[in-house]
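In this text, residue positions in the sequence shown follow full-length UniProt numbering: the first is 1, and each later residue adds one.
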Amino acid sequence: MADIIKLLPDHVANQIAAGEVVQRPASVVKELMENAIDAGSTSIKLIIKDGGKTLIQVVDDGVGMSETDARLSFERHATSKISSAQDLFNLETKGFRGEALASIAAIAHVDMQTRTADNEVGIHLKIEGSKIVSQDVVATPKGTSISVKNLFFNIPARRNFLKSNQVELRHITDEFHRVAMVHPDIEFHFYNNGSEIFNLPSTKHRQRIVHVFGSKMEHRLVPVNEETEVVKVSGFICKPEFAKKSRGEQFFFANNRYIKSPYLHHAVVAAFEGLIKSDTYPGYFLFLDVDPSSIDINIHPTKTEVKFDDENTLYAILRSTIKHSLGQFNVAPVLDFDHDPNLDTPYSYKEKGAVIPKVTVDATFNPFQETSARKSTGSGFHKQSTKGWEDLYEGLGNQNDNHEFSSVVIESESEEQGTLYTGQDAEEHMAGTFQLRRKYVVSTVKSGMLVIHQNRAHERILFEKFLGEITVKEGVSQQLLFPLELTFNKQELGVLKEIKESLTNIGFAFQSLEEETVKVTGVPMMVPESGIGTVLDRLIADYMEGYADGSISQAEMLAKALSRNLAVRTGDVLDQESQLTLVNNLFACKEPTLSPFQKITYTIISEGDIDKKFN
């Protein structure tokens with residue numbers, strides 16, 4: 001029998017390794033930026049084109065490489081970070097595996113220029129698919145510039161599975177944030193398609209967080225600082241009132257390396273217990289300094305999964321440290337039985353100064369006049385008829401203050417759409433339609449009893465309404481008397497610019513989208529003025545979270561996000577007219593049986609099913 005086991009060629013082995021190291025353009029950005037930091041750079045530039053598919057370039061002013069090092073750096077398992085297995089337990093650098101550059105060169109066109117401070121000229125290498133095409137001498141500044149072009153050019157299946165440019169850019173931005181925030185002493189520049197996205201000067205941790213996430217973050221941060229024999233914890237947490245329903249501002253850094261740890265995340269959430277809702281996530285930027293020998297980062301090539309020697313102790317320290325910071329800075333409520341709440345200044349009067357009370361005198365007052373005459377004097381009081389007092393309270397019984405974004409009166413659609421009840425049937429069924437537990441709308445049909453989930457049904461109605469408005473561009477806008485100024489960070493502003501056209505089609509109007517500031521001049525009819533900021537915040541968060549996979553269109557994603565945020569909630573009270581309108585509008589939809597999130601909207605309990613209960 002002939003031998004069948006063969007040693008794979010180097011270029012094939014490199015392509016196999018690239019499958020783990022390089023998953024998308026953001027992986028290349030992470031590896032190249034970490035190499036630039038390990039080279040001792042003080043300034044790093046990241047240049048992106050077409051979401052990283054066409055070009056990823058990282059320019060640094062680090063130590064550079066000699067001719068031999070430049071050639072050797074693209075070989076597998078070639079590294080300057082470690083020299084023995086023992087070094088794995090005392091890592092001080094970002095990289096150590098020696099696979100990144102070899103993997104990148106195996107599936108892209110790489111152009112590298114580098115020079116050390118000792119040499120007057122540098123080296124220029126061009127590599128395509130692990131093969132060195134050319135090597136020349138070049139005049140270049142000290143440091144290294146690596147350009148990665150045409151990613152996955154020789155693996156078309158992987159290139160076809162890449163998402164849209166906007167989605168890939170979002171992943172690259174996330175990696176940029178993770179690297180930039182942990183190194184505030186390094187100056188970073190980020191360019192996308194020729195325009196500058198970030199210009200981060202050398203500063204401290206708090207200022208770096210504010211520069212990355214916008215000026216509104218300045219007032220949300222609470223310092224965290226604790227030093228023990230096991231770990232030193234530093235950084236910031238966000239105040240409980242700014243907890244969000246989506247992830248995105250949760251960052252753990254261990255020994256200046258971004259990590260993912262669901263266990264430690266649970267410790268942070270446990271510290272916020274009782275201060276935030278169960279379906280929200282607190283924001284945090286926490287830096288853990290531990291003994292390098294007590295942490296194992298050699299688990300996965302991405303190096304974001306780590307193992308600690310004593311995770312239980314870290315959990316307890318982290319939880320108590322955050323609770324201490326929340327109490328120390330008066331964020332969490334404290335128990336003080338000697339405190340008199342009557343001495344507290346109301347929030348509405350906290351910033352007001354003292355005002356001298358005015359004394360008024362009635363010059364016509366005469367104490368010697370008869371009582372009947374005294375009543376007829378111009379004292380300013382006139383008794384009015386109490387007839388019609390019931391009108392003052394009309395409609396108050398249907399108000400619901402718990403839900404600020406949904407109108408409890410559901411508007412009926414155009415008369416062209418079909419309805420379940422019309423004419424005399426509507427009058428008969430209005431009396432038989434009622435709300436159950438403020439969650440379901442119950443009505444009768446010929447086959448039995450109709451039970452509708454009011455939240456899911458309204459989501460379906462709004463979804464088809466908004467999807468149609470985005471498509472045909474016929475949304476009705478309610479103009480604001482005064483423009484409303486809202487503040488967003490650069491990433492959120494980028495999402496707004498990306499979806500601006502679709503938002504305009506459904507009724508939003510923007511006067512300007514400047515740096516960190518958005519002026520809103522009009523909103524859809526269903527959005528109250530007081531809830532514009534929160535609706536846009538939730539819309540951006542839902543869009544970033546749901547559109548990340550790129551599996552659905554932008555219009556469908558926006559329609560889903562808006563319907564989720566504006567639909568009536570469980571607990572909202574609906575009057576009988578709104579209940580009947582909800583039923584009619586639901587059955588006028590193209591797909592009334594399912595919500596936009598593929599959940600059942602209604603069920604019919606037949607008379608036979610009810611009879612079986614009594615047999």
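Positions of the beta carbon are idealized from the N, C-alpha and C atoms, including for glycine.
Residue i beta carbon near the ligand HEM (any heavy atom closer than 7 Å)
{"i": "PHE198", "result": "Ligands displayed in this structure: none; no statement on the ligand HEM is therefore possible."}
Inter-residue Cα distance where the pair is residue i and residue j
{"i": "GLY52", "j": "HIS124", "result": "22 Å"}
{"i": "VAL204", "j": "GLY235", "result": "Residue identity differs from the one stated: residue 204 is Lys in this sequence, not Val. Their backbone Cα atoms lie some 11 Å apart in a straight line."}
{"i": "ALA26", "j": "TYR258", "result": "14 Å"}
{"i": "ILE104", "j": "LEU503", "result": "39 Å"}
{"i": "PRO367", "j": "GLN479", "result": "57 Å"}
{"i": "GLU501", "j": "VAL59", "result": "35 Å"}
{"i": "THR433", "j": "SER578", "result": "10 Å"}
{"i": "ASP575", "j": "TYR440", "result": "13 Å"}
{"i": "GLN435", "j": "GLY571", "result": "10 Å"}
{"i": "VAL137", "j": "VAL121", "result": "7 Å"}
{"i": "ARG115", "j": "PRO201", "result": "24 Å"}
{"i": "ASN398", "j": "VAL233", "result": "Because the pLDDT at ASN398 is just 45, under 50, the model does not fix this residue reliably, and the value given afterwards should be weighed accordingly. The alpha-carbon atoms of ASN398 and VAL233 are separated by roughly 50 Å."}
{"i": "ASN255", "j": "SER293", "result": "11 Å"}
{"i": "LEU396", "j": "VAL573", "result": "Any answer about LEU396 is weak, because its pLDDT of 47 lies below 50 and its placement is not dependable; what the coordinates show is given next. Straight-line Cα distance between these residues: approximately 11 Å."}
{"i": "GLN113", "j": "THR140", "result": "7 Å"}
{"i": "SER477", "j": "LEU513", "result": "18 Å"}
{"i": "LEU318", "j": "TYR263", "result": "11 Å"}
{"i": "residue 620", "j": "ILE276", "result": "No information on residue 620 is available, as it lies outside the stretch 1 to 615 that the chain covers here."}
{"i": "PHE152", "j": "LEU46", "result": "20 Å"}
{"i": "ALA316", "j": "ALA354", "result": "47 Å"}
{"i": "PHE129", "j": "ARG220", "result": "The question names Phe, but residue 129 is Gly in the sequence shown. Going by the C-alpha atoms only, they are around 48 Å apart."}
{"i": "ALA70", "j": "MET544", "result": "39 Å"}
{"i": "SER261", "j": "LEU286", "result": "12 Å"}
{"i": "TYR191", "j": "ILE197", "result": "6 Å"}
{"i": "ASN193", "j": "ASN199", "result": "15 Å"}
Buried versus exposed, by CB contacts within 10 Å (16 or more), residue i
{"i": "ALA457", "result": "buried"}
{"i": "VAL359", "result": "exposed"}
{"i": "ALA2", "result": "exposed"}
{"i": "ALA555", "result": "buried"}
{"i": "residue 620", "result": "Missing from the structure shown is residue 620; the chain here goes from 1 to 615 and no further."}
{"i": "PHE365", "result": "exposed"}
{"i": "GLN15", "result": "buried"}
{"i": "SER134", "result": "exposed"}
{"i": "ASP38", "result": "buried"}
{"i": "MET526", "result": "buried"}
{"i": "TYR602", "result": "buried"}
{"i": "GLY40", "result": "exposed"}
{"i": "LEU8", "result": "exposed"}
{"i": "ILE132", "result": "exposed"}
{"i": "VAL12", "result": "exposed"}
{"i": "HIS453", "result": "buried"}
{"i": "ARG247", "result": "exposed"}
Distance CB(residue i)-CB(residue j) smaller than 8 Å
{"i": "PHE508", "j": "LYS519", "result": "no"}
{"i": "VAL222", "j": "LYS239", "result": "yes"}
{"i": "VAL224", "j": "THR321", "result": "yes"}
{"i": "VAL110", "j": "VAL148", "result": "yes"}
{"i": "LEU101", "j": "SER73", "result": "yes"}
{"i": "VAL230", "j": "THR313", "result": "yes"}
{"i": "ILE540", "j": "VAL495", "result": "yes"}
{"i": "TYR284", "j": "GLN328", "result": "no"}
{"i": "ARG538", "j": "GLU459", "result": "no"}
{"i": "ARG24", "j": "HIS177", "result": "no"}
{"i": "PHE463", "j": "LYS590", "result": "no"}
{"i": "ILE44", "j": "PHE213", "result": "no"}
{"i": "LEU288", "j": "PHE242", "result": "no"}
{"i": "ASN489", "j": "VAL568", "result": "no"}
According to DSSP, residues forming a beta bridge with residue i
{"i": "SER606", "result": "GLY448"}
{"i": "CYS238", "result": "LEU221"}
{"i": "GLU577", "result": "Partner(s): none; GLU577 has no beta bridge."}
{"i": "THR144", "result": "ASP60 and THR114"}
{"i": "SER134", "result": "LYS126"}
{"i": "SER512", "result": "LYS519"}
{"i": "VAL290", "result": "VAL231"}
{"i": "VAL359", "result": "Partner(s): none; VAL359 has no beta bridge."}
{"i": "PHE213", "result": "Answer is none; PHE213 lacks a bridge partner."}
{"i": "GLU226", "result": "VAL233"}
{"i": "ALA254", "result": "LEU288"}
{"i": "HIS453", "result": "TYR440"}
{"i": "GLN554", "result": "For GLN554, which the question treats as bridged, DSSP gives no partner whatsoever."}
{"i": "PHE152", "result": "Answer is none; PHE152 lacks a bridge partner."}
In chain order, what are the residue ranges of uninterrupted alpha helix (DSSP H) at least 4 long that sit wholly in the stretch 154-206? Counting only runs of 4+ residues, the alpha helix (DSSP H) found wholly inside the stretch 154-206 occupies 156-160 and 165-182, in chain order.
Would you mind listing the beta strand (DSSP E) stretches within the stretch 469-507 that are 3+ residues and don't spill past its ends, in chain order? As far as the stretch 469-507 is concerned, its whole beta strand (DSSP E) runs of at least 3 residues are 477-487.
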